[in-house]
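Just so you know, the protein sequences line up as chains R and F, in that order. Residue 1 is where the first sequence starts when you use UniProt numbering, and the numbers rise one by one after that. Residue 1 is where the second sequence starts when you use UniProt numbering, and the numbers rise one by one after that.
2 protein chains.
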Amino acid sequence: MSTPTFKRLPRAVREQQMLDAAVKVFSRRGFHAASMDEIADEAGISKPMVYAYLGSKEELFTACLHQEGTRLMEAIVGAVVPDLPFDEQLWRGLRAFFRFVGAHRDGWAVLYRQARGERPFADDLAAMRSRIIEVVAGMLDRGLVAQGREVRAAELEVMAYALVGAAESLADWLADHPDADPDGMATRMMNFGWTGAGSMLAGHQWRPPPAAD
Amino acid sequence: MSTPTFKRLPRAVREQQMLDAAVKVFSRRGFHAASMDEIADEAGISKPMVYAYLGSKEELFTACLHQEGTRLMEAIVGAVVPDLPFDEQLWRGLRAFFRFVGAHRDGWAVLYRQARGERPFADDLAAMRSRIIEVVAGMLDRGLVAQGREVRAAELEVMAYALVGAAESLADWLADHPDADPDGMATRMMNFGWTGAGSMLAGHQWRPPPAAD
Chain R
1 MSTPTFKRLP RAVREQQMLD AAVKVFSRRG FHAASMDEIA DEAGISKPMV
51 YAYLGSKEEL FTACLHQEGT RLMEAIVGAV VPDLPFDEQL WRGLRAFFRF
101 VGAHRDGWAV LYRQARGERP FADDLAAMRS RIIEVVAGML DRGLVAQGRE
151 VRAAELEVMA YALVGAAESL ADWLADHPDA DPDGMATRMM NFGWTGAGSM
201 LAGHQWRPPP AAD
Chain F
1 MSTPTFKRLP RAVREQQMLD AAVKVFSRRG FHAASMDEIA DEAGISKPMV
51 YAYLGSKEEL FTACLHQEGT RLMEAIVGAV VPDLPFDEQL WRGLRAFFRF
101 VGAHRDGWAV LYRQARGERP FADDLAAMRS RIIEVVAGML DRGLVAQGRE
151 VRAAELEVMA YALVGAAESL ADWLADHPDA DPDGMATRMM NFGWTGAGSM
201 LAGHQWRPPP AAD
C-alpha cells in the first residue's frame with residue numbers, strides 16, 4: 001500500500017483523483033469485490049479521506065456512474081457539428097458514442113452492466129438514459145427541422161427510444177468484442193437506422209400487407 | 001384470505017396455477033413488496049404448499065421469468081410463417097412481440113424491469129436475451145438465404161443485437177404508454193430497421209464521408 005499523501009490540493013482536484021481511481025477499481029473488480037482500501041490506495045489518499053469526501057462505497061459508485069454518464073453525453077454532444085448535413089451529424093454522434101465505449105470497454109462492461117443489475121443504481125441509470133433519449137430526440141428534431149421536415153414530438157421520442165436501444169445493445173456487443181472497430185459500429189448503426197429514416201424522409205414507407213390479420 | 005383447496009390435481013396443473021398467481025402478484029406489488037401469503041391466496045393454495053412446489057420467493061420469481069420468457073419466445077416463433085416474403089415474416093415476429101408486451105404491460109414493466117435491476121435475476125434475463133438474439137439471428141439468416149443472400153455470422157449477430165435492442169427499448173416505451181397501439185410499434189420498427197435493411201439488400205449503403213476525421 002502506498003503512503004497516503006497529504007499535499008494540499010483543491011477539493012475538486014482531489015475528488016477527481018478519487019473518482020478516477022474508483023472507476024479503475026470498480027472496472028477491475030466489480031462493485032461487490034471492490035474495496036475502499038484499494039480505491040484509497042489507487043488514489044494515493046487515506047481511506048478516511050475517501051469516506052470524508054465521497055461517502056460510502058455506494059455513494060462513490062453513484063458518483064462514478066454520474067461522471068461517466070456526463071463524459072459520455074459531452075462526448076456525443078461535442079462531436080455533433082451543427083452545420084453538417086443531418087446524416088453526418090447523426091453518424092458523428094454515434095461514432096463518438098462507440099468510440100467512448102471502445103475506449104472504456106472495461107468501464108462500460110462493469111459500470112453499465114453492474115448499474116443495470118443492482119438497486120439503487122438501476123434507477124440512476126434509468127434517469128440518465130431518459131436524459132440521453134431527450135437529447136437524442138432534440139438532435140433529431142433540429143436535424144429534421146433543418147431539412148424542412150416536422151415530426152410530432154411523440155414520434156421523435158419513439159425514434160429516439162429505438163435509436164438509443166439499438167446503440168446500447170451494440171455497445172454491449174462491442175464491450176464483449178475487443179477486436180471490433182468502434183467506427184465500424186457507427187457505420188452499421190447508420191445502415192440499420194439511418195438508411196431507414198432516410199428512406200422515410202424520401203417518402204418510402206414500409207406498410208403492412210392490406211390483407212394481414 | 002380464501003380457504004386453501006386440497007383437491008388432487010396433477011403437479012403440472014397446480015404448478016401452473018401457482019405461477020399464474022405469482023405473475024399477477026409480482027406484477028401488482030413488485031418483487032420486494034409481494035408476499036408469499038398473497039401469492040398462496042391468489043392461487044387458492046396453502047403457503048407451505050407453494051414453498052414445497054416452487055421454493056423460495058426468489059425461486060418463484062425466477063420460475064415466473066422463465067415462464068414469461070418462454071411464452072414470449074413461443075409467441076414470436078409461432079407468428080412467423082416461413083413461406084411469406086422475408087419482410088412480412090419479420091413484421092409478423094415484431095407484431096407478435098409488441099402484442100405480447102401490450103397484452104402484459106404490467107407484467108413487462110414489473111417482471112422485466114425488476115429482473116433487470118436485481119441480482120441474480122439480471123443474469124437469468126441476460127441468458128434469455130442471448131437466446132432471443134440467437135433465434136433472431138437464425139431467422140434473419142434463413143430469410144436472407146431464401147433471398148439468395150449470404151451474410152457473415154458475425155454481421156447477423158450484430159444486426160440481431162441492434163434489432164433486439166431497438167425492440168426492447170420500444171417495448172419499454174409501450175409499457176409506459178397504455179394508449180399506444182402495439183401493431184403500430186411493429187410498423188414503426190419496420191420503418192426504422194427494415195427499410196434500412198431492405199435498402200442495404202438493394203445495394204444502397206450509407207458510407208461515411210471520405211474526408212471525415
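Cβ atoms here follow ideal geometry from the backbone N, Cα and C, with glycine treated the same way. These numbers come from a predicted model, not from an experiment.
When burial is assigned at 16 or more other CB atoms within 10 Å of the CB, is residue i buried or exposed?
i: F/Glu134; result: exposed
i: R/Asp172; result: buried
i: R/His104; result: buried
i: F/Arg8; result: exposed
i: F/Val77; result: exposed
i: R/Arg116; result: buried
i: F/Gly70; result: Looking at the sequence shown, residue 70 of chain F is not Gly but Thr. Answer is exposed; the Cβ neighbour count stays below 16.
i: R/Val136; result: buried
i: R/Arg152; result: exposed
i: R/Arg14; result: buried
i: R/Gln147; result: exposed
i: R/Arg92; result: buried
i: F/Met1; result: Reliability fails at F/Met1, whose pLDDT of 49 lies under 50, so the model's placement of it is uncertain and no value is given.
i: R/Ser35; result: exposed
i: R/Ser27; result: buried
i: R/Ala122; result: buried
i: F/Ser169; result: buried
i: F/Ala154; result: exposed
i: R/Glu150; result: exposed
Shortest alpha-carbon distance to residue i belongs to which of the options?
i: F/Leu125; options: F/Phe97, F/Pro210, F/Gln67, F/Ala21; result: F/Gln67
i: F/Arg11; options: F/Ala79, F/Phe31, F/Asp41, F/Ala52; result: F/Ala52
i: R/Ala33; options: R/Phe61, R/Arg152, R/Gly143; result: R/Phe61
i: F/Lys57; options: F/Glu88, F/Pro85, F/Val25, F/Val80; result: F/Val25
i: F/Ala75; options: F/Leu156, F/Ala146, F/Phe97; result: F/Phe97
i: R/Pro210; options: F/Pro209, F/Thr187, F/Glu118, F/Pro210; result: F/Thr187
i: F/Glu88; options: F/Ala21, F/Leu144, F/Val23, F/Ser27; result: F/Leu144
i: F/Arg99; options: F/Asp83, F/Lys47, F/Asn191, F/Met73; result: F/Met73
i: F/Pro85; options: F/Arg142, F/Glu168, F/Ser169, F/Ala162; result: F/Arg142
i: F/Gly138; options: F/Met190, F/Leu111, F/Pro82, F/Asp106; result: F/Pro82
i: R/Gln17; options: R/Gly30, R/Arg28, R/Val50; result: R/Val50
i: F/Val158; options: R/Leu65, R/Ala43, R/Ala40, R/Met190; result: R/Met190
i: F/Pro120; options: F/Leu156, F/Arg28, F/Tyr161, F/Ala63; result: F/Ala63
i: residue 219 of chain F; options: F/Gly30, F/Ser46, F/Val23; result: There is simply no residue 219 of chain F to check, as chain F begins at 1 and stops at 213 in what is shown.
i: R/Ala127; options: R/Leu65, R/Trp108, R/Gln114; result: R/Leu65
i: R/Met42; options: R/Glu59, R/Ser130, R/Ala22; result: One point to set straight first is that residue 42 of chain R is Glu, not Met, in the sequence displayed. R/Glu42 has its Cα closest to that of R/Ala22, out of R/Glu59, R/Ser130, R/Ala22.
i: F/Gly44; options: F/Leu19, F/Gly30, F/Glu59, F/Met185; result: F/Leu19
My assumption, with CB atoms under 8 Å, is that residue i sits in contact with residue j. Please give the rounded CB distance.
i: R/Ile132; j: R/Val101; result: With a Cβ gap of about 13 Å, R/Ile132 and R/Val101 do not count as contacting.
i: F/Ala180; j: F/Leu174; result: 5 Å
i: F/Arg95; j: F/Asp183; result: 6 Å
i: F/Leu140; j: F/Ala162; result: Going by Cβ atoms, the distance from F/Leu140 to F/Ala162 rounds to 11 Å, so no, they are not a contact pair.
i: R/Gly30; j: R/Gln114; result: 6 Å
Quiz prompt | Every unbroken alpha helix (DSSP H) within the stretch 108-176 of chain F, with a cutoff of 4 residues, ordered by chain | solution = 113-116, 121-146, 153-176
Exercise. Scan the stretch 38-114 of chain F and note each continuous alpha helix (DSSP H) run of 4 residues or more that stays entirely inside, going in chain order.
Key: 47-54, 57-79, 86-103
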